[in-house]
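Be aware that the sequence shown starts at -6, since it is given in the numbering used here, and climbs by one per residue.
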Amino acid sequence: MPPERRPTALPIPTRLRSTPGPSAREVVIAMVDSDFVAHPDLVQPVNRIIRYVDAVRQCVPEHPPAVARDRHWHGTMTACTAAGNGYLSRGMYTSLAPDAPLVLIRTMHDNGRIPTSTIAWALEWIAENASSLGIRVVNISVYADEIDHTLRHPVNAAVEALTAQGIVVVAAAGNNPMAPIRPPAAAPSAITVGGLDDNNTVRRDDNVMYHSTFGITDLGMQKPDVIAPALWLAGPLLPGTSQQRRAGALFALDAMSDDMLCRSAARVAAAAGLEAEAWSSADASILRQSIDEAIIHDKLVAPYYKLVDGTSFAAPIVAGAIAQMLACDGSLTPASIKSILMQTARPLRDVAPTRQGAGMVDPAAALDVVRQSGSTP
């Protein structure tokens, strides 16, 4: 059996064949997720986090957390997927909207739960503050506990209310094809995003479905509406964590000459908390094998990034594409944006529409439609 290869990840614009679009610096994206940390890809060289909201405590702290904790990783990764500028990768792992301002809303409680009431409060806060802050897009990569497709559900109702205000709501479909669609993905007006496995290539013949949730809601809505890459994505490691220190050490060791590696491996590994036994060899080839094995095990693609997957990350890719569309034409309505995304999507061959909706989003084609025709009713 051939040895496993080191993981790699194409940048989001590359895998979607998307050229740089108009600046989204005036299009605010609100991220409703677990929690967040002030990651360099969001705050360097300019801090683009204009509000951090704590829906758990129902308050607006002055600053987002500066020290990373476990609950921060999911939200930080989705925020960087929507609007990260790739600062720690020298611009390589950038999003489709790398200059968009952000409102980050924490919904995860200290016990790890995200109750329906907290998501609903977050969406109501957005409704009350969207006009003053300029929020045009909301990304929700969490879901409610209940299997309820009706508009009586507070999260579905809040999504519909935001849409009526002219705010586009994007929701992750979920990662279990055997599970039912849940709020907010079940909301009729939400742009619900399923997952695509593009096999980390730009060849469309290699595209296959990801194991995302799909189905017909009780209101007769087919979900998802579109699909986007959900695998082989580069997500940021949380700064200052043991995982990030370990990644930094591994890539530093990898860049050393054989002689320096043999002299430095044990010391560098110990400082990063790596197991001492694997790094005590005086044989550079053995040490390099250990480096490869650790990088593969940790799914690392760079000193500050690792592979992530799920519709949680497919959804913010679409949110970034929508920010580009709104930057091109601010008069676009949620309905027109949804229509353009679906009309320009590329269906996967031999995959039922019930699983993929209109197909894989094509941000460049969607932008072309916006440029050529303006707002489409």
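A virtual CB, placed ideally from N, CA and C, is assigned to each residue, including glycine.
### Message
Let me check understanding here. Comparing Cα to Cα, which of Leu126, Val53 and Val148 lies closest to Ala113?
### Response
If we check each option's Cα against that of Ala113, Val148 comes out closest.
### Query
For Tyr80, which of helix, strand or coil comes out of DSSP?
Of the three classes helix, strand and coil, the one that applies to Tyr80 here is helix, per DSSP.
### Task
Identify whether Gly350 lies in helix, strand or coil by the three-state DSSP scheme.
coil
### Query
What are the boundary residues of the beta strand (DSSP E) that Arg41 is part of?
First-last for Arg41: undefined, no H or E at that position.
### Task
Could you check if Ile140 is buried or exposed, using at least 16 other CB atoms within 10 Å of its CB as the buried criterion?
exposed
### Task
Thinking Arg196 and Arg339 are a contact (beta carbons under 8 Å), I'd like their distance in whole angstroms, please.
Rounded, the Cβ-Cβ distance is 13 Å, inconsistent with contact.
### Cβ neighbours of Pro173 in the same chain (closer than 7 Å, five flanking residues each side left out)
For Pro173, same chain residues with a beta-carbon under 7 Å away, outside a window of 5 residues either side, are Ile140 and Gly208 in chain order.
### Query
Leaving out five residues before and five after Leu409 in sequence, what residues of the same chain have Cβ atoms less than 7 Å from its Cβ?
Residue 409 lies beyond the residue range present for the chain, which begins at -6 and ends at 370; the question has no answer from this structure.
### Query
Quick one: what does DSSP say Met253 is sitting in, helix, strand or coil?
Three-state DSSP puts Met253 in a helix.
### Message
I'd like the list of long-range same chain contacts for Arg8, defined as Cβ closer than 7 Å, with 5 residues on each side in sequence excluded.
### Response
Asp191, Val195 and Pro222
### Task
Have a look at Ile184, Gly188, Val152 and Thr1 and flag the residue whose alpha-carbon is nearest the alpha-carbon of Gly167.
Gly188
### Query
Where in the region 179 to 231 do unbroken runs of the beta strand (DSSP E), each at least 3 residues long, occur, reported from the N-terminal end onward?
If we require 3 residues or more, the beta strand (DSSP E) runs fully inside the region 179 to 231 come out as 184 to 190, 219 to 222 and 226 to 229.
### C-alpha gap between Ala180 and Val20, whole angstroms
23 Å
### Message
Using DSSP's beta-bridge definition, name the partner residues of Asn104.
### Response
Paired residue(s): none; Asn104 is not in a bridge.
### Message
For Met335, report the span of its alpha helix (DSSP H) as first-last.
### Response
That run of the alpha helix (DSSP H) goes Pro327 to Thr337.
### Query
Relative to the C-alpha of Gly350, which residue among Ser205, Leu300 and Arg281 is closest?
For the options Ser205, Leu300 and Arg281, the alpha carbon positioned closest to that of Gly350 is the one of Ser205.
### Query
Three or more beta-carbon pairs under 8 Å between the region 23 to 40 and the region 95 to 109, yes or no?
yes
### Query
Can you tell me whether Gly303 is buried or exposed, with buried defined as 16 or more other CB within 10 angstroms of its CB?
Its Cβ being crowded by 16 or more others within 10 Å, Gly303 is buried.
### Task
State the Cα-Cα distance for the pair Leu254 and Gly313, rounded to the nearest angstrom.
41 Å
### Task
Let me know the secondary structure DSSP gives Arg8 once reduced to three states.
helix
### Message
Relative to the C-alpha of Ala357, which candidate in Thr12, Asp276, Thr1 and Arg(-1) has its C-alpha closest?
### Response
Thr12
### Task
Going by CA-CA distance only, name the one from Ala31, Ile279 and Asp343 that's closest to Ala61.
Ala31
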